[in-house]
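To keep things clear, I will list the structure first and then write my remarks on it.
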Amino acid sequence: KQEVTQIPAALSVPEGENLVLNCSFTDSAIYNLQWFRQDPGKGLTSLLLIQSSQREQTSGRLNASLDKSSGRSTLYIAASQPGDSATYLCAVRLTGTASKLTFGTGTRLQVTL
Amino acid sequence: GAVVSQHPSWVICKSGTSVKIECRSLDFQATTMFWYRQFPKQSLMLMATSNEGSKATYEQGVEKDKFLINHASLTLSTLTVTSAHPEDSSFYICSARDPTSKETQYFGPGTRLLVL
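Listed in order, the protein sequences are those of chains A and B.
Sequential numbering from 1175 applies to the first sequence in our numbering.
Sequential numbering from 92 applies to the second sequence in our numbering.
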């Protein structure tokens, strides 16, 4: 059974700091990995999707990397802003599972002024 | 990106009543939709996979007679929580898979259920 863990569970940083969120998964036979953002009481916003054949994806101040062999992904946020405060979730899709996603435990990020 | 809506956005009901939550894909046809449950400060847990025109596939530990799923059209799936109890209080989120992009799931805004 695929298990997805995110470290740290919570993080507070001052505005402007660069930060890294970590995601690890136990089954490396993944189809892809996706990072989401969730604001309190809201649904999910997809940030980045990395296919199993890719090593990284970038969108603006966000960069996600994938090391399938070691079962790890990182989400790098550059020059953090208070508006980045949210919970960040990673999710993996195993091969042959018809789009079924297994979500990580999440990292609650707070960026302070 | 594609849009998925949920209705209602929140609902309060008495214990023992049934509650229906709708999930709609607004600008694409979704043969597959997914229902998740999220307890406070926890991650999303997949409850079931809803397939248009056929029975839903439930995850281990999810009671299919308690959480009724109907996917009668390519744009609508419903989740009915039957005989709701306080422990069913949670945040329910649906997602819809865009068949033109197999990897892409679009998530609804969620429905918060409080059972008194």
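All C-beta atoms, glycine included, are put in the ideal place defined by N, C-alpha and C.
Limits of the unbroken beta strand (DSSP E) element including residue i
i: THR166 of chain B; result: No beta strand (DSSP E) contains THR166 of chain B, which DSSP labels as neither H nor E.
i: HIS98 of chain B; result: 95-98
i: LYS111 of chain B; result: 110-116
i: ARG1235 of chain A; result: Run containing ARG1235 of chain A: none; DSSP gives neither H nor E here.
i: PRO1188 of chain A; result: 1184-1188
i: LEU204 of chain B; result: 202-206
i: GLN196 of chain B; result: 196-198
i: THR1276 of chain A; result: 1275-1277
i: VAL102 of chain B; result: 101-104
Of the listed residues the options, nearest to residue i (C-alpha basis)
i: THR1276 of chain A; options: B:TRP126, B:PRO131, B:ALA175; result: B:TRP126
i: SER164 of chain B; options: B:ALA175, B:THR195, B:ARG115; result: B:ARG115
i: GLN1180 of chain A; options: A:GLY1190, A:GLU1191, A:PHE1199, A:PRO1188; result: A:PHE1199
i: VAL110 of chain B; options: B:HIS162, B:PHE158, B:ASP189, B:SER168; result: B:PHE158
i: SER1244 of chain A; options: A:LYS1175, A:ASP1258, A:CYS1197; result: A:CYS1197
i: GLY107 of chain B; options: B:PRO99, B:GLU178, B:CYS185; result: B:GLU178
i: ALA139 of chain B; options: B:LEU207, B:PRO131, B:GLU154; result: B:GLU154
Residue i in three-state terms, based on DSSP
i: ASP1258 of chain A; result: helix
i: GLU178 of chain B; result: helix
i: GLU1230 of chain A; result: strand
i: GLN129 of chain B; result: strand
i: ASP1201 of chain A; result: coil
i: THR123 of chain B; result: strand
i: HIS135 of chain B; result: In the sequence as presented, His is not what sits at residue 135 of chain B; that position holds Leu. DSSP places LEU135 of chain B in strand when its eight states are reduced to three.
i: GLN1284 of chain A; result: strand
i: LEU1223 of chain A; result: strand
i: GLN1176 of chain A; result: coil
i: ALA1288 of chain A; result: Because residue 1288 of chain A is not part of the residues shown, which for chain A are 1175 to 1287, the question remains open.
i: ASP1213 of chain A; result: coil
i: ALA147 of chain B; result: coil
i: LEU1241 of chain A; result: The sequence given here has Asp at residue 1241 of chain A, not Leu. In this structure, ASP1241 of chain A counts as strand in the three-state DSSP scheme.
i: VAL153 of chain B; result: coil
i: THR140 of chain B; result: strand
i: ASN1196 of chain A; result: strand
i: THR1248 of chain A; result: strand
i: SER192 of chain B; result: coil
Residue i, buried or exposed, once every other Cβ within 10 Å from all chains shown has been counted against 16
i: VAL94 of chain B; result: exposed
i: HIS176 of chain B; result: exposed
i: TRP101 of chain B; result: exposed
Closer than 8 Å to chain C by CB, residue i
i: LEU1218 of chain A; result: Given the protein chain composition of this structure (A and B), no chain C is represented.
Nearest-angstrom Cβ-Cβ length linking residue i and residue j, presumed shorter than 8 Å
i: SER134 of chain B; j: GLY1278 of chain A; result: 6 Å
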